[in-house]
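Peer 1: Sharing a structure, written as C-alpha cells. Questions coming.
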Amino acid sequence: MLAGDIGMPLFFVDPLTGLFDWFLRVVVGEGFSLLAEATGLEFLDYPYMQRAYLSVLCIALVGPLVGSFLVYRDLSMVGDTLAHTAFAGVAVALFLDATFDVVVSPLLGALVVAVVAALLVQVLIEFTDTRSDAVLAMVLTGGFALGSVLISITGGGISVGINQYLFGSLATVSRGDVGLLVGMTLVVLAAVVVIYRPLLYVTFDEVAALASGIRVRAVNTLLSVLTAFVVVSAMRIMGVILVAALLVVPVITAAGLSRSYKQSLAVAVLAAEVAGVVGVSLAYVYGLAAGGSIVLVTIGGFLSVTVATSLGVYRS
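Under our numbering, the first residue of the sequence shown is numbered 1, with each subsequent residue one higher.
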C-alpha cells in the first residue's frame, strides 16, 4: 500500500491506491509506451524509468514554485538546510529500526524532522537577534551532525541505507515513493493556489502585509512546511545533497528572462522540467547519478541564459 507507509488509515489507503494504480498503469504507462513507439526510445517503456520521469516532473513543478518565494526573500539556503536536517530524519528512522526494532519509514522520519527544523528556523529568526544566515548555518550543521553521530553509534551499520537518500537513485524509486511524491505535489500546489496572494504580499513587503491584516507568521509557517514537503519528496531521486538546487537555480534562471513575477514562475517551472527530463535521460544513457545530472543541466541552463543576456542575444 502506498499511503500505508506513513500510517494513513486503511479506509483511505485502498481507494487512493486503486486510483494511483490506474493512473500509473493507464495514464503514465500507456502514455510513455506511445512516446517510446513514436521516438524509438525503448527505455521510455521501462516501468522504473516511467516512475523516474514522473517523479522528476513533479519535483520540477513544485520546486521552483516554492523556491521562488524563498529566493525573493533572500532565503535560498532554507532548502539546503532542510535537506540536511531531512538526512538526520532518515538516520533517526534507520537507527530506531537497527537498534530498537522500531520500524519507521525513512521518508516519514525525514518529513517530521524537516518540518520541525523549518519551524525551529522560523522561531529562531523571529524571536532572537541572530541573523537568518547564521540560524540556517547552525540548523544545517546540527542536522548533519546528528545524522553522522547516529551512523557512528551503529558502527556504520545504517550508512548503506542512508547512501541512497544522500545521492538519490533512478533504480530505487518505488511505486510507494512515487505515490507519496504525487500526493505531496498535490498538497503543495493546492496550498500555493489558496494562499498565493498573501504569500506574494509577504514575500515583497512583509511590513505592509502585516499592516494590512495578513497573518504574516501563519504564512511564513506554511511556507516553511511546504519547503520541507518539497525537500523530502525529492530526496529519493535527487538526494539530500542536491535537492536544494531545484528550489533555487531555475528561479534565478527565470529572473533574467521574465518581465513579471507570474511569468518568472512559469519560466522557472519550464526550465526545471526541461532540466529534469534531460538530466534523467542522460543519467540512464550514460550511467550517471540522476540527481547530479539534473543539477548540472540546470546550472548549464542558468549559465547559458546569463551568457545570452550578457551578449544581448536576449533581453527581458
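Beta carbons: idealized from backbone N, C-alpha and C, even for Gly.
I need the straight-line Cα distance from Leu311 to Gly276, nearest angstrom please.
Peer 2: Their backbone Cα atoms lie some 27 Å apart in a straight line.
Peer 1: Mind checking which residues open and close the alpha helix (DSSP H) that includes Arg217?
Peer 2: Val216 to Met238 is the extent of the alpha helix (DSSP H) around Arg217.
Peer 1: Would DSSP call Ser260 helix, strand or coil?
Peer 2: Note: Ser260 maps to coil in three-state DSSP.
Peer 1: For Ser281, name the three-state secondary structure that DSSP assigns.
Peer 2: In the structure shown, Ser281 sits in a helix (DSSP, three-state: H, G or I).
Peer 1: How would you write the range of the alpha helix (DSSP H) that Asp177 sits in, first residue to last?
Peer 2: Per DSSP, Asp177 belongs to the alpha helix (DSSP H) from Arg175 to Val194.
Peer 1: With DSSP run on the structure shown, which of helix, strand or coil describes Tyr165?
Peer 2: The answer is helix: DSSP assigns Tyr165 an H, G or I state.
Peer 1: Have a look at Gly183 and Val62 and give me their C-alpha separation to the nearest angstrom.
Peer 2: Gly183 and Val62: Cα-Cα distance of roughly 12 Å.
Peer 1: With a floor of 4 residues, list each alpha helix (DSSP H) that falls wholly inside the stretch 126-155, ordered by position along the chain.
Peer 2: Counting only runs of 4 or more, we get 132-153.
Peer 1: Buried or exposed for Phe69, please, with buried defined as at least 16 other CB atoms from any protein chain shown within 10 angstroms of its CB.
Peer 2: Its Cβ being crowded by 16 or more others within 10 Å, Phe69 is buried.
Peer 1: Taking the alpha carbon of Thr99 as the point to measure from, which residue in Ser33, Ala83 and Ile158 has its own alpha carbon closest?
Peer 2: Considering only alpha carbons, the answer is Ile158.
Peer 1: What residues in its chain sit with their C-beta under 8 Å from that of Ser33, if we drop five residues either side in the sequence?
Peer 2: If we look at Ser33 and ignore the five residues flanking it on each side, its Cβ neighbours are Leu44 and Asp45.
Peer 1: Identify, in the order they occur along the chain, each residue of the same chain with its Cβ nearer than 6 Å to the Cβ of Ala244, setting aside the five sequence neighbours on each side.
Peer 2: These residues qualify, in order along the chain: Gly79, Asp80 and Ala83.
Peer 1: My output table needs one value for Ser212: the three-state DSSP class, helix, strand or coil.
Peer 2: Looking at Ser212 - three-state DSSP - the assignment turns out to be coil, as it is neither helix nor strand.
Peer 1: Among the candidates Asn220, Ser148 and Leu247, whose CA atom is the shortest distance from the CA of Glu206?
Peer 2: Selected option, being the one with the closest Cα: Asn220.
Peer 1: For Gly147 and Ser169, what's the separation of their Cα atoms in angstroms?
Peer 2: Each residue's alpha carbon lies about 20 Å from the other.
Peer 1: Just checking, does the stretch 118-129 make contact with the stretch 189-204 on the three C-beta pairs under 8 Å criterion?
Peer 2: At 8 Å Cβ cutoff, the stretches do not touch.
Peer 1: Can you tell me which of the three DSSP states Gly29 falls into?
Peer 2: The answer is helix: DSSP assigns Gly29 an H, G or I state.
Peer 1: Rounded to whole angstroms, what's the CA-CA distance from Gln50 to Ser233? Just pull it up for me.
Peer 2: About 17 Å.
Peer 1: May I ask you to report which of helix, strand or coil DSSP gives Gly287?
Peer 2: Looking at Gly287 - three-state DSSP - the assignment turns out to be coil, as it is neither helix nor strand.
Peer 1: Taking a contact to mean a Cβ-Cβ separation below 9 Å, would you say Ile252 touches Val135 in this structure?
Peer 2: For Ile252 and Val135, no; Cβs fall outside 9 Å.
Peer 1: Going by alpha carbons, who is nearest to Gly291 out of Phe23, Gly301, Val278 and Leu180?
Peer 2: Minimum Cα distance to Gly291 is reached at Val278.
Peer 1: To the nearest angstrom, how far is the alpha carbon of Arg236 from that of Val307?
Peer 2: When rounded, the distance between both Cα atoms is 33 Å.
Peer 1: Taking only runs of the beta strand (DSSP E) that begin and end inside the stretch 26-73, which ones reach a length of at least 3 residues, in chain order?
Peer 2: Fully enclosed beta strand (DSSP E) runs of 3 or longer: not present.
Peer 1: What does the Cβ neighbour count give for Thr141, buried or exposed, with the cut at 16 atoms within 10 Å?
Peer 2: By the neighbour-count rule (16 or more Cβ atoms within 10 Å), Thr141 is not buried but exposed.
Peer 1: By the three-class DSSP mapping on this structure, what secondary structure does Leu199 have?
Peer 2: Here Leu199 sits in helix by DSSP.
Peer 1: Check whether the stretch 264-272 touches the stretch 91-105, counting contact only when three or more Cβ pairs, one atom from each stretch, lie closer than 8 Å.
Peer 2: Cβ pair count under 8 Å is below three, so no.
Peer 1: Using DSSP with H/G/I as helix, E/B as strand and the rest coil, what is Asp97?
Peer 2: In this structure, Asp97 counts as helix in the three-state DSSP scheme.
Peer 1: For Gly300, which three-state DSSP category applies?
Peer 2: Looking at Gly300 - three-state DSSP - the assignment turns out to be helix.
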